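S.K.: Under the UniProt record's numbering, the residues of the sequence shown are numbered 1 to 414, in order.
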Amino acid sequence: MGCNTAGISSYEFDVIVVGGGIMGSCTAYETSKRGYSTLLLDQFDFLHNRGSSHGESRTIRVTYPEPYYSSMVLESTKLWEEAQSQLGYKVLYPTNQLDIGQASDRSLQAVIHSCQSNSVDFRVLDHAQVKKEFSGGVVVPEDWIGVVSGGAGVIKPTKAVCMFQTLAFRNGATLKDNMKVIDIRRDVGGCVVVLTATGEKFYGRKCVITAGAWMNKLVKVVTGLDVPILPLETTICYWKVKEEYEKEYSVDGEFPCFAGYGSTYIYGTPSLEYPGLIKVGVHGGRFCNPDKRTWTPEPQLMDFLKKWVKERFGGRVEHHHPVSTQSCMYSLTPDEDYVIDFLGGRFGKDVVIAGEFSGHGFKMGPVIGRVVADLVLHGETKGVELDYFKLARFDNNPKGNIKEFAEQVGTSKL
Ligand SMILES: Cc1cc2nc3c(=O)[nH]c(=O)nc-3n(C[C@H](O)[C@H](O)[C@H](O)COP(=O)(O)OP(=O)(O)OC[C@H]3O[C@@H](n4cnc5c(N)ncnc54)[C@H](O)[C@@H]3O)c2cc1C
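1) Can you name, in chain order, every residue of its own chain whose Cβ lies under 6 Å from the Cβ of residue 77, other than the five neighbours on each side?
2) Based on Cα-Cα distance, which residue from 96, 21, 363 and 180 lies nearest to residue 47?
3) How would you label residue 13, buried or exposed, when you count the other beta carbons within 10 angstroms and need 16 or more for buried?
4) DSSP puts residue 325 in a beta bridge; with which residues?
5) Suppose you measure from the CA of residue 408 to the CA of residue 399; what does that come to, to the nearest Å?
6) Within a Cβ cutoff of 6 Å, which residues of the same chain sit near residue 297, ignoring the five residues on either side of it in sequence?
7) Ignore the nearest five residues each way along the sequence and tell me which others in residue 163's own chain have a CB closer than 7 Å to its CB.
8) Taking 7 Å as the cut-off, is the CB of residue 58 close to at least one heavy atom of ligand 1?
9) Is residue 412 helix, strand or coil by DSSP?
10) Would you mind sorting residue 323 into buried or exposed? The rule is 16 or more other CB atoms within 10 Å of its CB.
11) From this set, 389, 364 and 383, which residue's C-alpha is nearest residue 27's C-alpha?
12) Is it right to say residue 145 is buried, meaning 16 or more other beta carbons lie within 10 angstroms of its own, or is it exposed?
13) Could you tell me how far apart the beta carbons of residue 155 and residue 362 are, in whole angstroms, since I believe they sit closer than 8 Å?
14) Between 287, 340, 217 and 387, which has its C-alpha nearest residue 351's C-alpha?
15) Among 275, 139 and 96, whose alpha-carbon lies nearest the alpha-carbon of residue 238?
16) Tell me which same chain residues have a C-beta within less than 6 Å of the C-beta of residue 160, skipping the five on either side of it?
17) Is it the case that the region 386-405 contacts the region 328-339, given that we only count it when at least three CB pairs across the two stretches are under 8 Å?
18) Considering Cα atoms alone, identify which of 210, 201 and 345 is closest to residue 353.
19) Just grab the DSSP bridge partners of residue 12 for me.
20) Can you tell which of 113, 226 and 79 has the C-alpha that lies nearest to the C-alpha of residue 405?
21) Quick one: is residue 198 buried, meaning 16 or more other Cβ sit within 10 Å of its Cβ, or exposed?
22) Between the region 32-43 and the region 121-140, are three or more C-beta pairs nearer than 8 Å?
23) Cβ of residue 213 within 7 Å of any heavy atom in ligand 1?
24) State the start and end residues of the unbroken alpha helix (DSSP H) segment that holds residue 366.
25) Quick check on residue 3: does DSSP put it in helix, strand or coil?
26) Hey, would you say residue 149 sits closer than 8 Å to residue 121, going by beta carbons?
27) Helix, strand or coil for residue 293 per DSSP?
28) Within 7 Å: the Cβ of residue 180 and any heavy atom of ligand 1?
29) Could you tell me which of 231, 257, 388 and 85 sits nearest to residue 62, measuring between CA atoms?
30) At a cut-off of 7 Å, is residue 41 close to ligand 1 when judged by its beta-carbon and the heavy atoms of the ligand?
31) Taking 8 Å as the cut-off, decide whether the C-beta atoms of residue 328 and residue 55 are in contact.
32) Measuring from the CB of residue 400, is there a heavy atom of ligand 1 at a distance below 7 Å?
33) What's the gap between the Cα of residue 94 and the Cα of residue 58?
34) May I ask you to list the residues that DSSP assigns as paired with residue 145?
35) Any heavy atom of ligand 1 closer than 7 Å to the Cβ of residue 218?
36) Please state if the CB of residue 215 and the CB of residue 30 are separated by a distance shorter than 8 Å.
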């Protein structure tokens, strides 16, 4: 590691991680586990509700249309289990996954191919078999299919972030919140200097930026570059299951996590965090300034959801309105693929950015932490196809990676 920080004392670290959501916390855990002195900074209180990693549930599923994500999920699952076993925490509750949609839907067909290429166990059901499998609790039109697979589950996000921060702290990492990073510079000794709004200066040999929906704002200040990221405000919705069916739709009742394919992508979890409530949400929302949000659901999306809940659960879930909602933020790239790359320029390979997890990153936290730690410490990694995540993919094509199936973001389709 190049920079000479001798004598800079408690303000000197091997790695400084900016952003304490799931990605930054997993990265700090990985670098500290490998024996590197690590500082994790966040602009707000740790475990705050203003970014993307808070709340009661996230799904993990192997079923992705893009095979490169499925293989990452398989590694991430092992790392989730490993981290849980270190603290004796349980943050991951295994379930099956049910993906439904028109048989001809190109994304759903791509999911099937991706399962085949990753040797994931799955079954394809026709509409009658779907109804039978879930005893009438899931209903789909005649031209729809259901894909049932294993390896899915519900993750408790706030508890999971807390788990990785606790593990990082146990490994000797320093954690500081309410420290907004206002600039990152290179000093003459070759160090990366991180400046905060509170007037502090931290010196790192290396730095990682995992700033979620604020990534564009911070990178623009540091390099002048515009990274193609759009913060989007979305809403988590909980719906009440009719009393006599509560067990049926719960994790204990072996109800799966689920997703609905089509012009608008729907996702959901069985009841776990709130008894008798299932989570059903739209993968979409409204573009926002992360510092000036409305904190309210978008009416058009709510209407779509109400109809979906009414039609898909055989009248067993109250569909007139969700009983609870919570605001959350995505950070989207045009192709909905992640950005994991070196910042380059005067920072060369000493600063890595990891962001734009496009509404599907939480499950990947542990594998992203591993990959980012490899990149920032050694300049390379194995086991993940990074070409899909490089910023250069936008150089000659603002849309980024080309997909053979429809994009998933719901906003533009409603
Ligand atoms: C409603 C909803 C449902 C989702 N469902 C799923 C799901 O089922 N499965 C799944 O895998 N994923 C899901 N996701 C996506 C997943 O939650 C995100 O991809 C993931 O949480 C992103 O984590 P992050 O660490 O990149 O961002 P964040 O959690 O936002 O963390 C970034 C952190 O950086 C800090 N920060 C920013 N700027 C600065 C600065 N200048 N100085 C210091 N700190 C700074 C912020 O305060 C923040 O704490 C969902 C997201 C939402 C919103």
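No residue lacks a Cβ here, since even glycine has one placed at the ideal position from N, Cα and C. Computed from a predicted model, the values in this text were never measured in an experiment.
M.R.: Once the coordinates are examined:
1) For the purposes of this step, residue 77 is identified with residue 77 of the sequence shown, where counting begins at 1. The answer is none, since no qualifying residue turns up.
2) For this step, residue 47 is matched to residue 47 along the sequence shown. Answer by Cα proximity: 21.
3) Start at 1 with the first residue of the sequence shown, and residue 13 comes out as number 13. Buried.
4) By one-based count along the sequence shown, residue 325 stands at place 325. Answer is 237, bridged to residue 325.
5) Translated into the one-based positions of the sequence shown, residue 408 becomes position 408. Translated into the one-based positions of the sequence shown, residue 399 becomes position 399. Residue placement at residue 408 cannot be trusted, given a pLDDT of 48 that sits under 50; what the coordinates show is reported in the next sentence. Using only the alpha carbons, I get a separation of about 14 Å.
6) Reading the sequence shown from its first residue, position 297 is the one you call residue 297. Cβ neighbours of residue 297 beyond the five flanking positions: 235 and 325.
7) Numbered from 1 along the sequence shown, position 163 holds the residue referred to as residue 163. These residues qualify, in order along the chain: 83, 87, 89 and 91.
8) Looking up residue 58 in the sequence shown gives position 58. Yes; taking the cut-off as 7 Å, the Cβ of residue 58 has a heavy atom of ligand 1 nearer than that.
9) Taking the sequence shown and counting its residues from 1, the one referred to as residue 412 is at position 412. Only weak support is given to the placement of residue 412: the predicted model assigns it a pLDDT of 40, under 50, and the value that follows is read from those uncertain coordinates. Here residue 412 sits in helix by DSSP.
10) Residue numbering aside, residue 323 sits at position 323 when the sequence shown is read from its first letter. Exposed, because fewer than 16 other Cβ atoms sit within 10 Å of the Cβ of residue 323.
11) Position 27 of the sequence shown, counting from 1, holds the residue named residue 27. That would be 364, whose Cα lies nearest to the Cα of residue 27.
12) As a position in the sequence shown, residue 145 is number 145, starting the count at 1. Buried is the call here.
13) As a first step, residue 155 must be located in the sequence shown, where it is residue number 155. As a first step, residue 362 must be located in the sequence shown, where it is residue number 362. Contact flag correct, Cβ pair sits at about 6 Å.
14) In the sequence shown, residue 351 corresponds to position 351, counting from 1. That would be 340, whose Cα lies nearest to the Cα of residue 351.
15) Within the sequence shown, residue 238 is the residue found at index 238, counting from 1. With distances taken between Cα atoms, residue 238 lies closest to 275.
16) Here residue 160 refers to the residue found at position 160 when the sequence shown is read from its first residue. For residue 160, where only same-chain residues beyond five positions count, the Cβ hits under 6 Å are 91.
17) yes
18) Within the sequence shown, the letter at position 353 stands for residue 353. Of the candidates 210, 201 and 345, the one whose C-alpha sits nearest the C-alpha of residue 353 is 210.
19) Numbered from its first residue, the sequence shown carries residue 12 at position 12. Bridge partners of residue 12: 203.
20) Sequence index remark: in the sequence shown, residue 405 carries index 405 (1-based). Nearest of 113, 226 and 79 to residue 405, Cα basis: 113.
21) Here the question's residue 198 lines up with position 198 in the sequence shown. Label assigned to residue 198: exposed.
22) no
23) The count along the sequence shown starts at 1 and reaches residue 213 at position 213. Flag set: Cβ of residue 213 near ligand 1.
24) As a first step, residue 366 must be located in the sequence shown, where it is residue number 366. Segment 365-378, the alpha helix (DSSP H) holding residue 366.
25) Taking the first residue of the sequence shown as position 1, residue 3 is located at position 3. Residue state for residue 3 is assigned as coil, using DSSP reduced to three classes.
26) Against the sequence shown, residue 149 aligns to sequence position 149. Against the sequence shown, residue 121 aligns to sequence position 121. In this structure, residue 121 lies closer than 8 Å to residue 149 by Cβ.
27) As a working mapping, residue 293 is identified with position 293 in the sequence shown. Residue 293 falls in the coil class under three-state DSSP.
28) By one-based count along the sequence shown, residue 180 stands at place 180. It does: the Cβ of residue 180 is within 7 Å (strictly closer) of some heavy atom of ligand 1.
29) Position 62 of the sequence shown holds residue 62. Relative to the Cα of residue 62, the nearest Cα in the group 231, 257, 388 and 85 belongs to 257.
30) The residue labelled residue 41 in the question sits at position 41 within the sequence shown. Flag set: Cβ of residue 41 near ligand 1.
31) Position 328 of the sequence shown, counted from the first residue, corresponds to residue 328. Position 55 of the sequence shown, counted from the first residue, corresponds to residue 55. Going by C-beta atoms, residue 328 is nearer than 8 Å to residue 55.
32) Against the sequence shown, residue 400 aligns to sequence position 400. No - ligand 1 has no heavy atom lying nearer than 7 Å to the Cβ of residue 400.
33) For the purposes of this step, residue 94 is taken as residue 94 along the sequence shown, with counting starting at 1. For the purposes of this step, residue 58 is taken as residue 58 along the sequence shown, with counting starting at 1. Going from the Cα of residue 94 to the Cα of residue 58 covers about 12 Å.
34) For the purposes of this step, residue 145 is identified with residue 145 of the sequence shown, where counting begins at 1. BP columns for residue 145 point to 101 and 126.
35) Position 218 of the sequence shown, counted from the first residue, corresponds to residue 218. Yes, the beta carbon of residue 218 sits closer than 7 Å to at least one heavy atom of ligand 1.
36) Your numbering for residue 30 matches position 30 in the sequence shown. Your numbering for residue 215 matches position 215 in the sequence shown. Result no, Cβ atoms of residue 30 and residue 215 do not sit closer than 8 Å.
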